[in-house]
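Colleague:
In my numbering, the protein residues as written are 1207 to 1435.
Okay, structure coming up:
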């Protein structure tokens, strides 16, 4: 079986660089639970991501939109300059991201057992490549097994981006987003592990496996691929 991972909030925790950026630029937002603030930020990002991907909105305008709407949600009005200052802090902190030791150990074990692994991720090509480099993913993932929506012109949950990697139920995808990862993978005929970090309705499409944190995810994959525990 071939194994593909989502990048953001699956291979690494995206909340950590976001929280550091908030502390630097908008510390008053941390009066609210950081996961809640981050989820709000992501909600507004996802609202317009398709427009950015289709060339109807610039990446910078997306950054401004999601930040200003997040602040409005919590009762604060900011201008474009403040939004871009936050984005600069967020991107700066993203250059400090790292894999957990559990994830490093899992990837080492998968490669040692010669499991074919890859990444399918939505996002701007240059930005996702920066994160891939910072995380050192080239150590485990072959270049031809990394698919970025901003490079291939198709984004999850469209089944075509999964089909670029392969077709059939001998493919397993791991992701945290129900709408993008679970629905996309299942529609492509893949098996799926849903890393369910927040309470989201799962409707008619069901993941093959559901885990709730990284520790459970690593354990589940080790069992599925008969890796040393």
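Built from N, CA and C at the ideal position, the CB exists for glycine as well.
These numbers come from a predicted model, not from an experiment.
Residues in the same chain with beta-carbon distance under 7 Å from residue 1293, minus the five sequence neighbours each way, listed in chain order, please.
Modeller: 1269, 1273
Colleague: Where DSSP assigns a beta bridge to residue 1398, which residues make up the other side?
Modeller: According to DSSP, residue 1398 bridges with 1379.
Colleague: Going by DSSP in three states, residue 1301 sits in which element: helix, strand or coil?
Modeller: coil
Colleague: Between which residues of its own chain and residue 1385 is the CB-CB distance below 7 Å, once the five residues before and five after are set aside?
Modeller: 1363
Colleague: Which value, in whole angstroms, describes the spacing of the CA atoms of residue 1341 and residue 1210?
Modeller: Rounded to whole angstroms, residue 1341 and residue 1210 show a C-alpha spacing of 16 Å.
Colleague: Given a cut-off of 8 Å on the beta-carbon distance, is the pair residue 1365 and residue 1394 in contact?
Modeller: yes
Colleague: Quick one: residues in its chain with C-beta nearer than 6 Å to the C-beta of residue 1334, no 5 flanking neighbours on either side, listed in chain order?
Modeller: Counting only Cβ-Cβ distances below 6 Å, and skipping sequence neighbours, we find 1327, 1354.
Colleague: Count the other CB atoms, across all protein chains shown, that sit within 10 Å of the CB of residue 1410; report buried if there are 16 or more and exposed otherwise.
Modeller: exposed
Colleague: Got a sec, what are the start and stop residues for the alpha helix (DSSP H) residue 1368 sits in?
Modeller: 1365-1371 is the span of the alpha helix (DSSP H), which, as asked, contains residue 1368.
Colleague: Report yes or no: do the segment 1216-1235 and the segment 1302-1312 share at least 3 C-beta pairs separated by less than 8 Å?
Modeller: The way I'd put it, the segment 1216-1235 does touch the segment 1302-1312; three or more beta-carbon pairs between them come closer than 8 Å.
Colleague: Assess contact between the segment 1275-1293 and the segment 1314-1323, defined as three or more Cβ pairs (one per stretch) separated by less than 8 Å. Is contact present?
Modeller: no
Colleague: Taking three-plus beta-carbon pairs below 8 Å as touching, is the segment 1343-1359 in contact with the segment 1373-1385?
Modeller: no
Colleague: For residue 1295, which residues from the same chain have a beta carbon less than 6 Å from its beta carbon, with the 5 sequence-adjacent residues on both sides left out?
Modeller: 1227, 1230, 1231
Colleague: May I ask you to list the residues that DSSP assigns as paired with residue 1211?
Modeller: DSSP lists 1325, 1380 as partners of residue 1211.
Colleague: Please work out which residues of its chain come closer than 7 Å, Cβ to Cβ, to residue 1279, disregarding the five sequence neighbours upstream and downstream, and give them in chain order.
Modeller: 1246
Colleague: Is residue 1236 buried or exposed, if buried means 16 or more other CB atoms sit within 10 Å of its CB?
Modeller: exposed
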